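With mature numbering (1 follows the signal peptide of the UniProt record, and there is no 0) applied, the sequence shown corresponds to residues -22 to -1, 1 to 233, in that order. This report concerns only the one structure given below.
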Amino acid sequence: MTFFTHLVRVMLLCVIPHTAQATLNIYTEEWAPISFSVDGQPDGLAVQVVQEIQKRIDNQDPIKIVPWARGWKIITEQPNTVLFTMTRTAERERMFSLIGPVAVGTTNFYALKSSKLNIDSIEGAKQAKAIGVYRSSVEEQLLMDHGFTNLAPSSTPLLSAKQLMKQRIDLWCNANLTAPSILAEAGASIDDVKSLYTISANHLYIAFSQGTPTEEVDKWKEALVSIKADGTFAQIYHRWLPNDAPPMETERIGL
């Protein structure tokens, strides 16, 4: 090989771009105590779990808090996107890679303590004049699938809680995990409402969009396994939900 040929090869190596590790766009929502912001910084049960995962796999991508509808739009359109927490459904298993669960709870119909409504089935809630629900949420989709036409979607669960307290809606459809915190932010208390009917059990996961490298998803899963195995997960969980049992199994489902 001549000196000139060697020099040309070196120059070509210098200009060929190297493939960098994909940056993840990580999103969550205002849904205390699972995820929320304090002075512009993300916090909450799921946020602290994700931050612990990031620490263990040396990932420093920022967590951004956005309205759920925006996060949903991004994760359905862009690869290398993470959105948490997401309730597991059969449809979502076909759309995303899911790891977890990171929390478990129920979805309920809430009414004011003074309400005369009596509901013993999901169909029974159709008698309500208006039901507050989080726009683009699994709860909204569930009720739409059951043919509900009396939904009053809002951009945040807090708005629905305020509407319930002001008697602008008859029922509020929300998860039991977050109802107390949301009501407190609305200037009320969980003691001001009553759960009329439990619609479903919720298993909450960390979701990865189509096109996210499978080895990246596996890294997150293995980190979650280790967090649960060494007691860190239970410590975080009880910090936020002291009376609830943490889900100790870990699985990857979906894509």
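Cβ coordinates follow ideal geometry from the N, Cα and C atoms, glycine included. On a predicted model such as this, the values are computed, not experimentally measured, just so you know.
Q: Figure out for me which residue from L137, R34, G102, A10 has the closest Cα to the Cα of K206.
A: It is R34.
**Q.** With 16 other Cβ atoms within 10 Å as the buried cut-off, status of Q26
**A.** Result: buried.
Q: Pair every Cβ in the region 3 to 20 with every Cβ in the region 38 to 53, then say whether three or more of these pairs are closer than 8 Å.
A: They touch, by the three-pair rule.
Q) Exposed or buried, what is R230 when buried is set at 16 or more other beta-carbons lying within 10 Å of its beta-carbon? A) R230 should be labelled buried.
Q. Whose CA, out of E30, C151, W198, lies closest to the CA of S75?
A. Comparing Cα-Cα distances from S75 to each of E30, C151, W198, the minimum goes to W198.
Q | 7 Å CB neighbourhood of A106 in its chain, flanking five on each side removed | A | Excluding positions up to five away in sequence, the list reads L95, N128, D148, L149.
Q) Whose C-beta lies closer than 8 Å to the C-beta of S132 among residues of the same chain, with five residues either side of it excluded? A) Excluding five sequence positions before and after S132, the CB atoms of its chain that fall closer than 8 Å to its own CB belong to G110, V111, Y112, R113, S138, Q141, given in chain order.
Q. Which residues in the same chain have their Cβ closer than 8 Å to the Cβ of I41, if we skip the five residues on either side of it in sequence?
A. Scanning its chain for C-beta atoms nearer than 8 Å, with the 5 sequence neighbours on each side dropped, one finds around I41 the residues I4, Y5, T6, P20, V25, V28, Q29, in chain order.
**Q.** Terminal residues of the beta strand (DSSP E) in which Q56 lies
**A.** No beta strand (DSSP E) holds Q56; DSSP gives it neither H nor E.
Q.
I'd like the span of the alpha helix (DSSP H) that includes P158, first residue to last.
A. In this chain, the alpha helix (DSSP H) harbouring P158 covers 157 to 163.
Q. Can you name the residues that DSSP bridges to N37?
A. Beta-bridge pairing links N37 to no other residue.
Q. Using the C-alpha atoms, what's the distance from R72 back to E194?
A. Looking at the two C-alpha atoms, the distance is approximately 19 Å.
(Q) Buried or exposed, going by whether 16 or more other CB atoms sit within 10 Å of the CB of A157? (A) Within a 10 Å sphere around the beta-carbon of A157 sit 16 or more other beta-carbons, which makes this residue buried.
Q: Could you spell out where the alpha helix (DSSP H) holding R230 opens and where it closes?
A: Not the alpha helix (DSSP H): R230 falls in the beta strand (DSSP E), residues 229 to 232.
Q | In DSSP terms, what P220 is bridged to | A | DSSP lists no bridge partner for P220.
(Q) Using only the alpha-carbon positions, how far apart do A89 and K172 sit? (A) Going from the Cα of A89 to the Cα of K172 covers about 6 Å.
Q. From which residue to which residue does the beta strand (DSSP E) around W198 run?
A. For W198, there is no enclosing beta strand (DSSP E); the residue is part of the alpha helix (DSSP H) that begins and ends at 192 to 207.
Q: For V203, collect the residues of the same chain with a Cβ closer than 6 Å to its Cβ; drop the 5 residues on either side in sequence, then sort them by chain order.
A: A distance below 6 Å between beta-carbons, with the five flanking residues on each side excluded, links V203 to the following residues of its chain, in chain order: T228.
Q) Who are K172's beta bridge partners in DSSP? A) Per the DSSP secondary-structure output, K172 pairs in a beta bridge with A89.
**Q.** Local Cβ density within 10 Å of S99, reported as buried at 16 or more and exposed below that
**A.** Classification of S99: exposed, given that the 10 Å Cβ count is below 16.
Q.
By alpha-carbon positions, which one of E117, G18, D123 ends up nearest to A47?
A. Nearest C-alpha to A47 among E117, G18, D123: E117.
Q.
By the three-class DSSP mapping on this structure, what secondary structure does L137 have?
A. DSSP places L137 in the helix class (H, G or I) of the three-state scheme.
Q: Classify V16 as helix, strand or coil using the three-state DSSP reduction.
A: Strand, per DSSP.
(Q) Does I31 come out as helix, strand or coil in the three-state DSSP assignment? (A) Helix.
Q. In three-state terms, what does DSSP make of I100?
A. Look at I100 here: in three-state DSSP terms it is coil, with no helix or strand label.
Q | N180 and A153 closer than 8 Å at C-beta | A | Yes. Within cutoff.
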